[in-house]
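Reading through the C-alpha cells given below for one structure.
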C-alpha cells in the first residue's frame, strides 16, 4: 500500500516493490532485528541527524550487542520463537 492509499477509501494503489522484495530478502534474521531496533531508538532520541553516537549511547555498539545476544543466546527455543515470529 502506498502512503497516499492509507488515507484514501476504496482501491489500494501500489507504487513500487517493497525494499524486502528489491533486495531479495526472504527471511528476517538477527541483523534485521538489530537494524530495526537501531531505527526505533533513533526515532525516539533527541538527535535530528543520524550519527554513530548520541551522547554516550553508541548505535554501533547497540546494533552489534543485539546481534551477539540473539546469535549466541543459549536459549535456542527463544531464538527460534523470536525469528519465527518475525517470519510469519
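Numbering (the UniProt record's numbering), first residue to last: 1 to 88.
Glycine included, every Cβ here is placed at the ideal spot set by N, Cα and C.
Quick caveat, the model's predicted, so the values are computed rather than measured.
Under the three-state DSSP convention, the category residue i falls into
{"i": "residue 28", "result": "coil"}
{"i": "residue 60", "result": "helix"}
{"i": "residue 46", "result": "coil"}
Limits of the unbroken alpha helix (DSSP H) element including residue i
{"i": "residue 85", "result": "76-86"}
Nearest residue (CA-CA) to residue i, options the options
{"i": "residue 60", "options": "80, 44, 70, 35", "result": "35"}
{"i": "residue 101", "options": "25, 23, 33, 22", "result": "Because residue 101 is not part of the residues shown, which for the chain are 1 to 88, the question remains open."}
{"i": "residue 80", "options": "17, 30, 63", "result": "30"}
{"i": "residue 66", "options": "15, 45, 50, 41", "result": "41"}
Cβ distance (whole Å) where residue i is taken to contact residue j below 8 Å
{"i": "residue 28", "j": "residue 87", "result": "5 Å"}
{"i": "residue 94", "j": "residue 71", "result": "Lying before the first or after the last residue shown, residue 94 is absent from the chain, which here runs from 1 to 88."}
Sheet register partners of residue i (DSSP bridge)
{"i": "residue 54", "result": "57"}
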